[in-house]
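Single-structure report; data block below.
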Amino acid sequence: MIVLAVVGHQQEKKRQAQLQAFARSRSWYFHPEKVRGFDAKYLEFDFLDRGSNRYAHNILSGREGDFEIEGFDYHYETHTTDSKGKRQTHHHRFSVAILEPGFPLKDLTIRPEGLFDKLSAAFGWDDINFESAEFSRRFHVKAQDRRWAYDVIHPRAMEYLLECPRYELHFSRGRLAVRSSGRFEPWEFAKAIEMGDTMLRGIPEFARESA
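Count along the sequence shown from 1, add 950, and you get the number used in this note's numbering.
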C-alpha cells in the first residue's frame, strides 16, 4: 500500500507539472490545490453536485480567443454499505473544461449513447434524432428546445463531432462544459477546449439571438 501511495503521489506531481507547463504556454493561471464550492459556482451543471466531499483541483483559467476558459479535475465521493454493515467509500474523478462565449445558450446536452439510453428508447423514452443515422446512433441528445438543438447541431457540427473524442457537451446559461468520464490527460484539456471552441463558433447568429 505504501508503494502504491508513493507511486500515485509521483504520478500526480508529474501531472501537475505538465498542466502547469500547459498553462504557462498560454499565459494562463494554474492552481493545483483543492478548491470547494464549484458546485455552487456552476449551478447549471448538476454533475458537479453529486455525492459528498466535492472539490476541484488542478485548476486552469485564462482566455482563449474570445472565450473565458476554466478547466479542472473534479472529485466527489459516494458511499455504500454491504450486507455485513461495512461502509465503503467510492471516489469519482473526472475532468471538465468550461467555456464562456459571452452570448446566451439554451440547455442542451450531447453525450455518447450508452446501453441504458438504448434500453430507454425501446420503452419510448427517446432522445432527439437527426438526419444522420450514424450520429443518432452514437450520440444521446437532450434539449427542451428541439429547434435550437437542430440549429446548433447542424450537418457540419455532426460531421465534426463524429470525428472527435467521446466527450460530453453541456450547454447552459451562457456556458459550455466539455467533460470526460475520467480524467483528461494533460494534452486532452487542449482537445476539449478546441472542441468547445469549434462548437460555439459554429452556432449560427440567429441561434445565438434566439437563445
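Idealized CB from N, CA, C, for every residue including glycine.
Residue i, buried or exposed, once every other Cβ within 10 Å from all chains shown has been counted against 16
i	result
LEU993	exposed
VAL1046	buried
ASP999	exposed
TYR979	exposed
LEU1111	buried
Distance between residue j and residue i (C-alpha atoms, nearest Å)
i	j	result
HIS1007	ARG1158	32 Å
SER1011	GLU983	14 Å
TYR1024	ALA1107	28 Å
GLN1038	THR1030	5 Å
LEU969	HIS1104	33 Å
GLU1020	ILE1009	7 Å
PHE1022	ALA973	12 Å
SER1160	MET1149	17 Å
GLY1052	GLY1015	12 Å
GLU1109	PHE1044	26 Å
ILE1143	LYS1034	46 Å
PRO1054	ALA967	35 Å
PHE995	ARG1097	22 Å
PRO1154	TYR1100	11 Å
ILE1048	GLU1084	27 Å
Cβ separation of residue i and residue j, assumed to be a contact under 8 Å, to the nearest whole Å
i	j	result
VAL1128	GLY1152	Wrong, their Cβ atoms sit about 14 Å apart, outside the cutoff.
THR1028	HIS1042	7 Å
LYS1056	PHE1121	7 Å
Sequence-distant residues of the same chain with beta carbon closer than 6 Å to residue i, five excluded per side
i	result
SER1002	GLU1027
HIS1090	ARG1061, GLU1063, ASP1067 and ASP1077
SER1082	MET1108
Pick from the options that is closest to residue i, judged by C-alpha positions
i	options	result
VAL1102	PRO1115, LEU1126 and ARG976	LEU1126
GLN961	ALA1142, ASP1032 and GLU1135	GLU1135
PHE997	TRP1137, PHE1139, GLU1144 and SER1130	SER1130
ALA990	SER977, HIS981 and ARG1004	ARG1004
Residues of its chain near residue i, where Cβ-Cβ distance is below 7 Å and the 5 sequence neighbours each way are ignored
i	result
LYS1141	PRO1115
GLU1050	PHE1017, GLU1018, GLY1124 and ARG1125
SER1086	ASN1079 and PHE1080
Own chain partners of residue i with C-beta closer than 8 Å, once the 5 adjacent residues on each side are dropped
i	result
GLY1132	ARG1043, PHE1044 and SER1045
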